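Asker: Take the working numbering: the last position of the sequence shown gets the number 431, and nothing is skipped along the way.
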Amino acid sequence: MNILLLGSGGREHAFAWKIVKSKNCKQLFVAPGNAGTAQIAHNVSISVTDFDAIGKFVLEKKINMVVVGPEEPLVKGIVDYFAESEDLRKIPIIGPNKKGAQLEGSKDFSKKFMEKCGIPTAASKTFTSETFKEGLAFIELQELPVVLKADGLAAGKGVLICNSHDEAKSSLREMLLESKFGKASEKVVVEQFLSGIEVSVFVATDGSNYVILPEAKDYKRIGDHDTGLNTGGMGAVSPVPFVDQQFLDKVEKRIVIPTIKGLEMQNIHYQGFLFIGLMNVNGDPYVIEYNVRMGDPETQAVLPRIKSDFVNLLHAMGTKQLEAYHFELEKFCTTTVVMVAGGYPESYKKGNEIQGLEQTAGENVVVFHAGTQLATTGEVLTNGGRVLAVTGMGSETEIALKHAYSTVEKISWNDVYFRKDIGQDILKLKK
Ligand code: AMP
Ligand code: GLY
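#1: CA-CA distance, E379 and L103?
#2: Quick check on A101: does DSSP put it in helix, strand or coil?
#3: F275: beta carbon under 8 Å from a heavy atom of the ligand GLY?
#4: Beta carbon of I46, beta carbon of I91: below 9 Å?
#5: Bridge partners for M339 per DSSP, in chain order?
#6: Is D218 near the ligand GLY, going by C-beta to nearest heavy atom under 8 Å?
#7: At what residues does the beta strand (DSSP E) containing K125 begin and finish?
#8: Does the stretch 307–324 touch the stretch 202–210, meaning 3 or more C-beta pairs lie closer than 8 Å?
#9: Can you check which of these residues, L213, G356, A53, A204, is closest to L329 by C-alpha distance?
#10: Using a threshold of 8 Å, is the CB atom of P297 nearer than that to any non-hydrogen atom of the ligand GLY?
#11: Measuring CA to CA, which of R11, T299, V390, V30 is closest to E363?
#12: Let's see if you can read the secondary structure: which residues bound the alpha helix (DSSP H) around C107?
#13: If M393 sits next to F332, beta carbons under 8 Å apart, how far is it from one beta carbon to the other, in whole angstroms?
#14: Which residue or residues does DSSP assign as beta-bridge partners of M393?
#15: Indicate whether N43 and Q27 have their beta-carbon atoms separated by less than 9 Å.
#16: What span of residues does the alpha helix (DSSP H) with E289 cover, start to end?
#17: Inspect the beta-carbon positions of A16 and I40 and report whether they are closer than 9 Å.
#18: Measure the C-alpha to C-alpha separation of A341 and I161 and round it to an integer number of angstroms.
#19: Ignore the nearest five residues each way along the sequence and tell me which others in A324's own chain have a CB closer than 8 Å to its CB.
#20: Hey, could you find the ends of the alpha helix (DSSP H) P258 is sitting in?
#21: Mind checking whether V366 and L357 have CB atoms under 9 Å apart?
#22: For L322, verify whether its CB is less than 8 Å away from any heavy atom of the ligand AMP.
#23: Taking 8 Å as the cut-off, is the beta-carbon of G105 closer than that to any non-hydrogen atom of the ligand GLY?
#24: Are R419 and G9 touching if we call contact CB-CB under 9 Å?
#25: Just to check my reading of the structure: K350 and N383 have Cβ atoms closer than 8 Å, yes? What is that Cβ distance to the nearest angstrom?
#26: Identify which residue in L401, S106, L263, A361 has its Cα closest to the Cα of V337.
#27: Given the structure, does F57 come close to the ligand AMP, in the sense that its CB is under 8 Å from one of the ligand's heavy atoms?
#28: List the endpoints of the continuous beta strand (DSSP E) containing V189.
#29: Could you check what DSSP says for A375 in three-state terms: helix, strand or coil?
#30: Go to L427, then tell me how far its alpha helix (DSSP H) extends in each direction, as first and last residue.
#31: What does Y81 pair with, by DSSP beta-bridge criteria?
#32: Which residues in the same chain as F57 place their Cβ atom closer than 8 Å to its Cβ, once the five residues preceding and following it in sequence are excluded?
#33: How many whole angstroms separate the CB atoms of T128 and K187, which I take to be in contact at a CB cut-off of 8 Å?
#34: How many angstroms separate the CA atom of L148 from the CA atom of L176?
#35: In its own chain, which residues sit with a C-beta less than 7 Å from the C-beta of M114, not counting the 5 before and 5 after it?
#36: G69 and R11 look like a contact to me (Cβ under 8 Å); what is the Cβ gap, rounded to whole Å?
See below:
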């Protein structure tokens with residue numbers, strides 16, 4: 001099969017790494033890719049939102065399946081674009097259509113969807129500039145802290161956890177009346193704060209059947225012990241000890257099944273990955289958010305744990321044959337440590353030469369590239385905030401962590417930074 005993968009992050013390098021392992025992959029193209037995908041596939045210089053150029057490339061290269069990594073092309077309707085073209089319609093494309101992508105693209109849509117389907121989530125109400133005054137009154141009645149969420153995509157910055165009613169009210173004003181997040185905050189969801197431990201569960205679906213992939217825990221803050229600014233994700237661990245069969249059964253029964261049924265009932269075309277961000281509140285799962293793609297860096301921890309053929313999984317999702325797919329897991333644990341450019345998630349430099357990559361080959365470790373670029377002279381340069389994601393594998397989380405960190409120590413560049421405490425909370429939970 002000839003496959004086109006869209007995206008350029010660590011998640012896409014992990015997808016590419018897994019796809020080329022399959023004997024069912026003949027040729028893999030990645031648009032636009034990074035220095036890591038360039039080593040194992042053909043990078044193509046096409047933007048993930050240039051649908052005309054993607055469609056043309058798919059037909060020219062006789063691509064048999066398209067896999068969409070990031071949310072932006074999904075929210076902008078790439079799946080609908082394929083469905084509307086007579087030539088492209090028959091080519092499986094992995095990801096939901098525009099309506100389905102609203103589960104991530106609009107918090108208001110996803111809250112209403114969950115309410116309609118009876119899926120456990122924080123109680124909430126949505127406000128606009130017209131209902132601003134009602135919003136202020138609603139905030140007064142909430143227990144603290146109270147959570148404010150910009151409705152649209154806001155580059156991971158649209159969620160505010162407010163510790164006083166005054167702070168919440170002035171934030172609501174900034175979002176609704178002063179366009180704090182531009183169009184993304186034309187609507188604001190005000191919701192109850194949920195207290196517990198977060199975990200992410202990933203589902204692969206063909207629209208009616210599904211496979212639950214390994215869960216993962218993400219480390220969102222820049223600093224050790226969850227301090228400092230929010231980032232795209234500084235590390236991941238899989239499995240997560242409290243996600244036992246009993247918890248997973250609740251997730252499946254109360255969340256996964258009603259979600260897939262709800263999508264079907266609303267005629268929403270969804271053949272792709274669903275990332276469910278959950279809060280474990282005293283043993284009961286509540287949905288914090290849906291994402292309509294895999295997570296980054298969670299993918300770098302989750303995909304190595306899949307034993308069964310990954311291209312077959314993707315193809316079964318894209319052709320509605322998931323019922324017959326035999327899903328198998330590896331026995332080992334994984335931990336991923338993200339190495340970033342100093343200054344991230346604020347301003348940072350690009351173009352620093354990365355040293356030590358050649359010493360990192362090993363059975364128990366994979367170095368996934370994220371923001372990297374190959375210089376014309378052959379060196380690998382930093383080209384983004386999150387630069388590399390190093391995944392260690394081991395029979396226990398502790399061993400996986402040793403493999404990841406001993407590799408991280410071998411890699412360097414001018415202003416490299418990484419968290420030193422990935423997985424430490426998990427080790428404590430296990431004791
Ligand atoms: P989101 O963009 O919806 O994932 O929110 C970002 C982060 O804010 C989540 O990962 C949680 O840590 C936190 N968060 C969001 N909603 C809630 C909530 N209702 N209660 C507690 N924390 C929340
Ligand atoms: N790591 C969180 C995300 O991919 O949204």
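Yeah, the Cβ is synthetic: ideal placement off N, Cα and C, and Gly gets one too.
Note that this is a predicted model, so its numbers are computed, not measured.
Answerer: On the basis of the coordinates in this document:
#1: Stepping through the sequence shown from its first residue, residue 379 is reached at position 379. Stepping through the sequence shown from its first residue, residue 103 is reached at position 103. Answer to the nearest angstrom: the Cα atoms are 40 Å apart.
#2: Your numbering for residue 101 matches position 101 in the sequence shown. DSSP places A101 in helix when its eight states are reduced to three.
#3: The residue labelled residue 275 in the question sits at position 275 within the sequence shown. The answer is yes for F275.
#4: Translated into positions along the sequence shown, residue 46 becomes position 46. Translated into positions along the sequence shown, residue 91 becomes position 91. Cβ atoms of I46 and I91: not closer than 9 Å.
#5: Start at 1 with the first residue of the sequence shown, and residue 339 comes out as number 339. M339 pairs with L388.
#6: Start at 1 with the first residue of the sequence shown, and residue 218 comes out as number 218. Yes, the Cβ of D218 comes within 8 Å of a heavy atom of the ligand GLY.
#7: For the purposes of this step, residue 125 is identified with residue 125 of the sequence shown, where counting begins at 1. First-last of the beta strand (DSSP E) with K125: 124–128.
#8: yes
#9: Sequence index remark: in the sequence shown, residue 329 carries index 329 (1-based). Per the Cα distances, L213.
#10: As a first step, residue 297 must be located in the sequence shown, where it is residue number 297. Yes; taking the cut-off as 8 Å, the Cβ of P297 has a heavy atom of the ligand GLY nearer than that.
#11: Translated into the one-based positions of the sequence shown, residue 363 becomes position 363. Checking every option, the nearest Cα to that of E363 belongs to V390.
#12: The residue you call residue 107 lines up with position 107 of the sequence shown. Note on identity: in this sequence residue 107 is Lys, with Cys being the wrong assignment. Start and end: 107–117.
#13: Within the sequence shown, residue 393 is the residue found at index 393, counting from 1. Within the sequence shown, residue 332 is the residue found at index 332, counting from 1. Correct: roughly 5 Å between the Cβ atoms.
#14: Residue numbering aside, residue 393 sits at position 393 when the sequence shown is read from its first letter. According to DSSP, M393 bridges with T334.
#15: Residue numbering aside, residue 43 sits at position 43 when the sequence shown is read from its first letter. Residue numbering aside, residue 27 sits at position 27 when the sequence shown is read from its first letter. Cβ atoms of N43 and Q27: not closer than 9 Å.
#16: Locating residue 289 in the sequence shown gives position 289, counting from the first residue. Looking at the DSSP string, E289 is not in any alpha helix (DSSP H); the run it does join, the beta strand (DSSP E), is 284–291.
#17: On the sequence shown, position 16 is the one that residue 16 refers to. On the sequence shown, position 40 is the one that residue 40 refers to. In contact: A16 and I40 (Cβ atoms closer than 9 Å).
#18: Here residue 341 refers to the residue found at position 341 of the sequence shown. Here residue 161 refers to the residue found at position 161 of the sequence shown. So the alpha carbons of these two residues sit roughly 27 Å apart.
#19: For the purposes of this step, residue 324 is taken as residue 324 along the sequence shown, with counting starting at 1. Result list for A324: A316, in chain order.
#20: Along the sequence shown, read from residue 1 onward, the residue named residue 258 stands at position 258. That run of the alpha helix (DSSP H) goes 257–265.
#21: Position 366 of the sequence shown, counted from the first residue, corresponds to residue 366. Position 357 of the sequence shown, counted from the first residue, corresponds to residue 357. Going by C-beta atoms, V366 is not nearer than 9 Å to L357.
#22: The residue you call residue 322 lines up with position 322 of the sequence shown. Not under cutoff, so the answer is no.
#23: If you number the sequence shown from 1, residue 105 lands on position 105. Answer for G105: no, Cβ out of range of the ligand GLY.
#24: Mapped onto the sequence shown, residue 419 falls at position 419. Mapped onto the sequence shown, residue 9 falls at position 9. Not closer than 9 Å, so no.
#25: Within the sequence shown, the letter at position 350 stands for residue 350. Within the sequence shown, the letter at position 383 stands for residue 383. With 8 Å as the limit, K350 and N383 qualify as a contact, their Cβ atoms being about 5 Å apart.
#26: The residue labelled residue 337 in the question sits at position 337 within the sequence shown. Taking only the C-alpha atoms, the option nearest V337 is L401.
#27: Taking the sequence shown and counting its residues from 1, one reaches residue 57 at position 57. Answer for F57: no, Cβ out of range of the ligand AMP.
#28: Translated into positions along the sequence shown, residue 189 becomes position 189. Segment 187–192, the beta strand (DSSP E) holding V189.
#29: Position 375 of the sequence shown, counted from the start, is the residue given in the question as residue 375. It is coil, neither helix nor strand.
#30: Locating residue 427 in the sequence shown gives position 427, counting from the first residue. Per DSSP, L427 belongs to the alpha helix (DSSP H) from 424–430.
#31: If you number the sequence shown from 1, residue 81 lands on position 81. Answer is none; Y81 lacks a bridge partner.
#32: On the sequence shown, position 57 is the one that residue 57 refers to. Only L4, F29, A31, V44, I46, I63 meet the Cβ criterion.
#33: Residue mapping note: residue 128 aligns to position 128 of the sequence shown, counting from 1. Residue mapping note: residue 187 aligns to position 187 of the sequence shown, counting from 1. Confirmed, Cβ separation roughly 5 Å.
#34: Counted from its first residue, the sequence shown places residue 148 at position 148. Counted from its first residue, the sequence shown places residue 176 at position 176. Using only the alpha carbons, I get a separation of about 11 Å.
#35: Numbered from its first residue, the sequence shown carries residue 114 at position 114. The residues are T121, V287.
#36: For the purposes of this step, residue 69 is taken as the residue at position 69 of the sequence shown. For the purposes of this step, residue 11 is taken as the residue at position 11 of the sequence shown. With a Cβ gap of about 6 Å, G69 and R11 count as contacting.
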